[in-house]
Each structure stands twice: as structure tokens, then as C-alpha cells.
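Everything on this sheet refers to the single structure shown next.
2 protein chains.
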Amino acid sequence: MYDTGTTNRKKLIIVGGGAVGLAVATSVKRHGNYEITVFSSDPHAAYSQCGIPFVISGEIEGFDKLLLKQKDFFPEMGIDLRLDTTVESLDLKDRTVFVKGEKHHFDKLVIATGSRPAVSDNLRQGAELDNVFTLRSLEDGKRIDRSLENAKNVVIIGGGGIGVEIAVAAAKRGLRTILVNRSISLLSHNIDQDMADIVQEHLESIGVDVLTGQSPHSINGKARVESVSIGGVDFPADVVIISAGALPETKLASDAGIEIGTTGGIIVNEHLQVRTKSGYDPDVYCGGECAQVQNFITGMPMLSQLASTARRMAGVIRNNLISRPTSFGPIVNPWAGAIGELQVGTVGITTRKAKQHRIKTVSGIAIGTTRAGYYPGSTRLFIKLLFSNRILVGAQVIGGEGVKERIDGLSLAIRKRTTLDELLSMETCYTPPMSMLIDPLTFAAQGALKKLPGSKK
Amino acid sequence: MYDTGTTNRKKLIIVGGGAVGLAVATSVKRHGNYEITVFSSDPHAAYSQCGIPFVISGEIEGFDKLLLKQKDFFPEMGIDLRLDTTVESLDLKDRTVFVKGEKHHFDKLVIATGSRPAVSDNLRQGAELDNVFTLRSLEDGKRIDRSLENAKNVVIIGGGGIGVEIAVAAAKRGLRTILVNRSISLLSHNIDQDMADIVQEHLESIGVDVLTGQSPHSINGKARVESVSIGGVDFPADVVIISAGALPETKLASDAGIEIGTTGGIIVNEHLQVRTKSGYDPDVYCGGECAQVQNFITGMPMLSQLASTARRMAGVIRNNLISRPTSFGPIVNPWAGAIGELQVGTVGITTRKAKQHRIKTVSGIAIGTTRAGYYPGSTRLFIKLLFSNRILVGAQVIGGEGVKERIDGLSLAIRKRTTLDELLSMETCYTPPMSMLIDPLTFAAQGALKKLPGSKK
Chain A
1 MYDTGTTNRK KLIIVGGGAV GLAVATSVKR HGNYEITVFS SDPHAAYSQC GIPFVISGEI
61 EGFDKLLLKQ KDFFPEMGID LRLDTTVESL DLKDRTVFVK GEKHHFDKLV IATGSRPAVS
121 DNLRQGAELD NVFTLRSLED GKRIDRSLEN AKNVVIIGGG GIGVEIAVAA AKRGLRTILV
181 NRSISLLSHN IDQDMADIVQ EHLESIGVDV LTGQSPHSIN GKARVESVSI GGVDFPADVV
241 IISAGALPET KLASDAGIEI GTTGGIIVNE HLQVRTKSGY DPDVYCGGEC AQVQNFITGM
301 PMLSQLASTA RRMAGVIRNN LISRPTSFGP IVNPWAGAIG ELQVGTVGIT TRKAKQHRIK
361 TVSGIAIGTT RAGYYPGSTR LFIKLLFSNR ILVGAQVIGG EGVKERIDGL SLAIRKRTTL
421 DELLSMETCY TPPMSMLIDP LTFAAQGALK KLPGSKK
Chain B
1 MYDTGTTNRK KLIIVGGGAV GLAVATSVKR HGNYEITVFS SDPHAAYSQC GIPFVISGEI
61 EGFDKLLLKQ KDFFPEMGID LRLDTTVESL DLKDRTVFVK GEKHHFDKLV IATGSRPAVS
121 DNLRQGAELD NVFTLRSLED GKRIDRSLEN AKNVVIIGGG GIGVEIAVAA AKRGLRTILV
181 NRSISLLSHN IDQDMADIVQ EHLESIGVDV LTGQSPHSIN GKARVESVSI GGVDFPADVV
241 IISAGALPET KLASDAGIEI GTTGGIIVNE HLQVRTKSGY DPDVYCGGEC AQVQNFITGM
301 PMLSQLASTA RRMAGVIRNN LISRPTSFGP IVNPWAGAIG ELQVGTVGIT TRKAKQHRIK
361 TVSGIAIGTT RAGYYPGSTR LFIKLLFSNR ILVGAQVIGG EGVKERIDGL SLAIRKRTTL
421 DELLSMETCY TPPMSMLIDP LTFAAQGALK KLPGSKK
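Taken in sequence, the protein lines are chains A and B. Numbered continuously in full-length UniProt numbering, the first sequence closes out at residue 457. Numbered continuously in full-length UniProt numbering, the second sequence closes out at residue 457.
This is the structure we're talking about:
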């Protein structure tokens, strides 16, 4: 069991048991001399949130597979993990948090409260009906999974990463599935419309009805949901899943005087320390979805709702807690998702985002295959590259395989400020079971080159 | 049909109908004003040489799938392609080549004669026996394929890329397969022994008997091969395939006074023009396996026997021929191969190569998985990174999927002189069907960091 008797150890309190909270707890425990308490509002510890849609789809057998640690893991490590426990308030002057009426002193604090699902005002009442869900936690996933067992008609509100994954899952289960998306293009935060069209076509091919450019007017029913009104039509619905984005969970912090940025996320410096009106607090860190980070390309504040970013922030917080000053820099935020048979990935900025920030870009698109055309299992591969002043600033890839690895390479390429000319002369592998002779990346770069003023074909 | 009447067009002769020769011919034809003749000693035009082992293994149905162009393609383009035709000699002063006793004038010449299989002196006599093969051409592939139909025992001499691919093919066909390799490690030009051990283990698991650190003494038989003597033992053999490397085919060039480098390849400048004692010849180009190129890391001359390198050289030659001066720089030579269920890739230098060139390196190895551990289809992933002065100089990857794409990204990373610190802080994607939360690349970089003097764990 954990040791509470030692008084000369510093007290670290972590609020939040997600990707940041538990990673900081376990890695600091291994390397630092802290007494650690983690408060998590979730009843479960250490599970893969990102795996939930794939249990619902049947790819993964059962939610138990998502549990990453044995129940005893944290107490055996000496970490006091309090599940199902919400921190009520925080007093920075007093260096305490209040939990269930009790004060807990901290020397160091980590705020990793994550985010909560966004629900628009007009849907708030309908969201209270039975069989209307949002998806954040394992318990949410289990509830959705059970509700789908007896469902025929499912409406999914929001065509972001989770929305499209859940739509695939529902369609795979043979349900009549409607996906409604406010933007005219799916995954509009991740990819441009030309690429989103490919995703939409695939969703439709597996039986998802996709309604874009529309917002539901209301979710209707008595006790249980019965329909969703979209564009004047009532679509029958046994189950509704709202996946219309997430908002940083910052109330605890802002009530304590911690400053919130223009994105709605908690302001942090490069050491991930929070700011109050007295300046940055050297003892209070924040990471994950609730923290405001900086975009590598635009230089502007942004939120990253990726587990991979959260995990990297955890590493920086841990280093700073054990006196190895480390910075968290601007991000290119690489994302990948599995949408039926398609792998979709993106990194850097999209054309849409570039326009918002008045960044002039030139793009090139290539269509190729993931293996030699004659090789069994070859799938189509779409690559879009974005350049600004001949420097790579964004990439989007869709294909049947190898997409994550491509995006990772392009992630580094953007951070290294790779030029169009460097991409044109880059060396790529060739073997028929894994590639084309000339990688489509080269063709995408050539496509951008041709659009530049004064370029020869 | 091609036009031979026009006399004001310059005459381009290309010697060799492989990856360089035909790519130069077709792309120059599209963009330049040349009368083009290609002489190829091969009876077939435009096929995928790299696909041959996968027809033999049964992955690809039939050799016809490897033919990339219709028979009429070249004449219809106006290219005079002479198959099954060997150029006998070359006169640089006279600007002519001799073919079947006839002189052919050129204004520009491309030498793309490729390479020929290496056969050691002690095996030369046995190599003349029936059912002893080397593998270069489609015809070689067909002969091997037919011979295996009635075979029981196969011996493959040489454990390079083609050797291991053919060993897999023979084992898949249920034949008793012996692979004998002079080096104690398979793929010794591509990967280090620790990585080669993983490949060897896989080959053995699918039934290949691997003999490393041994060279055959002789290939024995009367008219047809009967056995191979290795280490004093006669191993029965119905079919023997010698895949013990390739030598640049340079006789035509060297007989004409073109200079040959220390690697045995034809010396070229950055425009891929050949050198004689009078200096570089602005009208005579050379590319592909017969040309000597420069290693990006060591700065030393080397040969690249990759179709992908050949194809890039073709692009440079084409540009120079149509008056767009373009350079071919030093290479990192990324290679990937499919060896049974394993994908293997490498780029930059290996530890072995570094030692030969007295380059001090530090390596890091990580073992991970290609998907979340709980996700179906996840396979083991091995990553080895090599750093010199904290700069990435080499990478080796083995896994069940996504290897080519990883190597491509690392290829660019090496060319961009990416530092260990940049790799440690790089951003990678995460989604359970395609990756681990923290990419093993990060762990490999951390592994190297720990070996550096004065590093903290």
C-alpha cells in the first residue's frame, strides 16, 4: 500500500485520471520523491479512450481489452488514486484542493481535467432523453453499446473523428445510420473538403446516410428519444449520439483565478505552468485537452484534443516536476483515424485553416496506390501537400494502409521546415508489395510545383 | 510508327532497356525534340524486375502481370526500341555505337547497362549446369519458376534481398529450401546482425534452412545439378539459384575510354555525365546500377542497385537532356523488402558500414507493436536508429506493416540532418488500429540518448 507516513516528501496532487494525469503520476513516482494523489471523476482508471469506437464496432472483443492496468497497479506503485472523485474547488493561496468537504494540501499541482462534450443550446433538452449519449468515458461506451443492441435507427450528430468512427461502428452492426454534420465537409477540423469527399463516399458505400451542411433542430421524444428534426424532417431515432466537439474543462481552474485563453483553454507557458494575475505559478502545471497550446504554423493559440499530444505534455510536466527543465513547443498536431477500410491522417494546417489565418498556400494532390498496381491488396492512396513560400505547412493522406507512418514522417518534415525542392528530390523505398516505383508524395509535390508562378511543367 | 525521315532532330541513343533507359526514353520523348533509339539486350520491354520473386512465390498470378506496357506502346510513342539487341561497341570520337555490324550515330548517348550477377570463380563451372540459375530478367524468372515445378530440394546461394525473397518463395511452394550466406548475417549490406537475426528467425519459422558464415565449395552434377558442397557436406539440389550480388555492367563504357571508379561503377559528375581522360563528356550520360554515386553519410563513392535510385537518376538525365540543368546529389539509399510476413527496411548507414568508415555512432533499439497491443492484427515492430554526433545517420525497421512509409520518413529525416533531440520531441499520430500511444521511434531515440556520455536515464 502507499505510504502516507512520510512527511518530508513533497505532496503532488493531480486533478484528472486521463492520459496526462496517470502518465505524470506513474513516471514521477518512478523518478521523483513525491507523495502523489490523483483525483479522477471517472470510475475507471487507465483505459484506452480512443479504443471505445472499435469495441462498439466489434473489431475489439469487449471493453475489458481497453483496460491498460490491473486494479492494484496504482496502489502497489504507491500512488493514491481516488476514482469517481471530483475536486470541488482549488485555493492557490492556501495551496489546497477541496474534495468531499476535505482540504488536501499540495506542494505541486497538475491540472489535467480534460474536456467535456459540447452540446448546442437547442439540443440540451433533448440530450436529457433516454438513449441520447455523448461519448467520453468507458461508461459512456458501455451504455452506447448496450443501447445499440435493440436499436434500428441511429442518428449521430457531428462528423468529427469520433462521429465518423461511431457511424462506421453503427453501420457495421447493420443499423440504419444517419450522420449529420454542420459543416458541408466531414472532419472539417482535420482535412479539406476534397479529401473529406473521399471519406464521405466511403461512409456512404458502407451504408451510412451522410447529411452535411445541416444542424439538427431538436431531439424529440417523451422519456426515450424517438426522432431528430433535421431540415424540417423528423428522422426516427432509437439512439442518438452527440459527438459535436469538446470544450476544455476549465471551471476548477478559472474559479481559482487561473487565466483562460481565447480558445477557452487554460493559459500555460512553455514549462506548462499556469498563469494568474500575479504571473506564472511555478508549482501549478496544466496539460492535455484543457490546456491552450501554440500552433507551429500559425503561431496562434489552439487546443489539441489528441491523446498523443496529452502524452507528450505529460512527459514535459514530469520532467519539470523532477527538476529537469523541459519545454513544450508549438505543435503540428498529427492526427490519424481508421474509418472503415480507410485510414485518414493529417498534420499541420489545412487550406481552410490557412485561409482563416490569411496564410497563402499552394497545394498539390496525387492519387496513387499503396502497393504496385498489380500486387494483391493494393489500395488507392490520396496525398495532399500544402506549401507556403515553398515550405511544407500541411499534409493530408487517405489510403488503405501505411497512413499513420506517412503522417509521422510528414510531421517531422513540417517541423524541419522542409522545402518543396527537398521533397521533390527526396528518396523513397520501392518494392512491389509495399509501394509504387515513384512514391505519390513526389507527384503531390510536383503538382504543387506546377501551380507556382513561372514554373515549367 | 516512329518517324525516321526528320533530319533536323537530334539523335538520342540509349543503351539499356531497364528502369533508367525506358524512363529516359519516354519522358524525353514527351518533352524534347529527339529522335530516340533504345537498344536492349532483354527480349522483353518494360516489366517489373522487382516483382519476379512474388510471381515465383505465387503471390502474383503469372508473369504477364509484371508487363507494364503494351507491346505497341513504344513504337506508337515514336521510340525505336530494339529488343534482344546488344550494343557491341562505342566510339566516343566518332559519336557512334556499333550494333550487329552497323554504325549508329548519336548526338546524345545514355549508358544504362545495369549490372550482371556475380558468380565466384569456384562456382563458375557448376553455374553452367542445368537448373542452376541467376535472377536478373523476366526470362530468368520464368526458367526458375518452371524448374521449381518438379523440384524437391532447392539451394539458394546468397542472402541478400533477392536471395531471401526467393528463399521465401521456394519455402512457400513446399520445397526443401537451403539458403547459404557468406556473411554470418543475412542482408548484411542492408541491416545489422541484431536486426538480421529477426529475419533469420522468421525464415526458419517458415521452413528455410539458413546456413550463415559459409560459402559453397562447388556446385556438382553431370548435365543437371545434383548437389552443392558446403562445409564438407554435399546437400542434394534439384535447383540452385545464385543470388550473390551484382556487378556493374561497364565493359562497353570502359572499352570506349570511359573511366571506372573504385567501386567498379562508371564515374559520373553531378549531371550524370561520364568522364574520359579528356574530362566529362557533356553529351554522354550514365545512370542506374552501372553508375557510381556518392554516399550522403560517408561522402564515399558507392553503387546503388535500387530501381528507385535508377528512376531518380532517369529524371535527372531527362532534365539535363531537355536543357533543364539538374543535379543528382549524394544518396541515403532507402531500401525495403517483403520477406514472408516481415517487412524489412533500411536507410543511411548501418553500424557495420559506420565501422568500416570509422564513423563513431550510437544506436538505440526499440521493440513495439504496429497497432495498440489489444488491437487485432497488431504485429511486432523493431526500430533501430543510428546517430553520429547526435545526428541521425541510419535507421532499420522490421515489422508486419507500415515499414516502407517509416523508412521514407526517416530517409528525409537523415537528409535533413535531424538531431536526436528533434526526434525525441517529434510528434506522432495515435489511433489504436494503427499505432501505439507513444511511437516506438521515440523509445529508440531514448535508447540512444541513454548511451551518450553524461546522459540521465
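We treat Cβ as the ideally placed atom computed from N, Cα and C, and that holds for glycine.
- When A:Phe74, A:Ala45 and A:Arg417 are compared, the shortest CA-CA separation from leucine 66 of chain A is found for A:Ala45.
- The CB of tyrosine 280 of chain B never comes closer than 7 Å to any CB in chain A; the least such distance is about 21 Å.
- Comparing alpha-carbon positions, the option among A:Leu135, A:Gly345 and A:Ala444 lying closest to methionine 426 of chain A turns out to be A:Ala444.
- Phenylalanine 328 of chain B sits in coil when the DSSP states are folded into three classes, being neither helix nor strand.
- Contact between leucine 129 of chain B and alanine 223 of chain B is confirmed by a C-beta separation of about 7 Å, below the 8 Å threshold.
- By the 16-neighbour rule on beta-carbons within 10 angstroms, proline 453 of chain B is exposed.
- Along the segment 369-432 of chain B, the alpha helix (DSSP H) occurs as fully enclosed runs of 4 or more residues at 403-415 and 420-424, listed in sequence order.
- Around glycine 373 of chain B, the same chain offers Met436 as residues with beta carbons nearer than 8 Å, after the five sequence neighbours per side are excluded.
- Bridge pairing for glutamate 61 of chain A: absent [DSSP].
- When DSSP states are grouped into helix, strand and coil, asparagine 153 of chain B belongs to the strand group.
- At a C-beta separation below 9 Å, cysteine 50 of chain B has these neighbours in chain A: Ala372, Tyr430, Thr431, Pro432 and Leu437.
- Of the residues assessed, isoleucine 383 of chain A falls on the buried side of the cut-off, its CB having 16 or more other CB atoms within 10 angstroms.
- With fewer than 16 other Cβ atoms inside 10 Å of its own Cβ, aspartate 72 of chain B counts as exposed.
- Bounds of the beta strand (DSSP E) holding lysine 108 of chain B are 108-111.
- Shown here, glutamine 214 of chain A sits in coil according to DSSP, grouped into three states, outside any helix or strand.
- Cα atoms of phenylalanine 63 of chain A and glycine 163 of chain A: separation of roughly 19 Å, rounded to the nearest angstrom.
- Of the residues A:Gly174, A:Gln193 and A:Gln125, the one whose Cα lies closest to the Cα of histidine 217 of chain A is A:Gln125.
- For isoleucine 230 of chain A, the closest Cβ of chain B is not nearer than 8 Å.
- In this structure, B:Ala253 is the residue among B:Asn295, B:Gly288, B:Ala253 and B:Val208 with its C-alpha nearest to the C-alpha of arginine 275 of chain B.
- One thing to note: valine 38 of chain B has its Cβ no nearer than 8 Å to the Cβ of glycine 18 of chain B.
- Classified as buried, arginine 415 of chain A has 16 or more neighbouring CB atoms from the shown chains inside 10 Å of its CB.
- Per DSSP, glutamate 270 of chain A lies in no alpha helix (DSSP H) and is assigned neither H nor E.
- Annotated as distal: isoleucine 297 of chain B and glycine 213 of chain B, with beta-carbon spacing of 8 Å or more.
- Closest in C-alpha terms to leucine 81 of chain A, from the list A:Leu12, A:Val180 and A:Gln273, comes A:Leu12.
- When Cβ pairs closer than 8 Å are counted between the two stretches, the segment 357-377 of chain B is seen to touch the segment 395-402 of chain B, the count reaching three or more.
- Neighbourhood of glycine 329 of chain A in chain B, by CB distance below 9 Å: Ser425, in chain order.
- Aspartate 439 of chain B has no beta-bridge partner at all, per DSSP.
- Around the CB of glutamate 341 of chain B, fewer than 16 other CB atoms lie within 10 Å, so the residue is classed as exposed.
- Exposure of asparagine 122 of chain B is indicated by the presence of fewer than 16 other C-beta atoms within 10 angstroms of its C-beta.
- Contacts with chain A at 8 Å (Cβ-Cβ) include proline 334 of chain B.
- Residues of the same chain with a CB within less than 6 Å of the CB of threonine 134 of chain A, apart from the 5 flanking positions on each side, are Pro117 and Ile242 in chain order.
- Ranking B:His104, B:Pro248, B:Val228 and B:Leu90 by CA distance to the CA of alanine 127 of chain B puts B:Val228 first.
- Only those residues of the segment 377-407 of chain B whose C-beta falls short of 8 Å from the nearest C-beta of chain A are listed: Glu401, Gly402, Val403, Lys404, Glu405, Arg406 and Ile407.
- With respect to the 8 Å criterion, isoleucine 230 of chain B and leucine 211 of chain B are classified as neighbours on the basis of their beta carbons.
- Leu306 and Ala307: these are the residues of the segment 292-307 of chain B whose beta carbon lies less than 8 Å from some beta carbon of chain A, given in chain order.
- Cβ neighbours of alanine 196 of chain B within its own chain (closer than 6 Å, five residues either side excluded): Ser185, Leu186 and Leu187.
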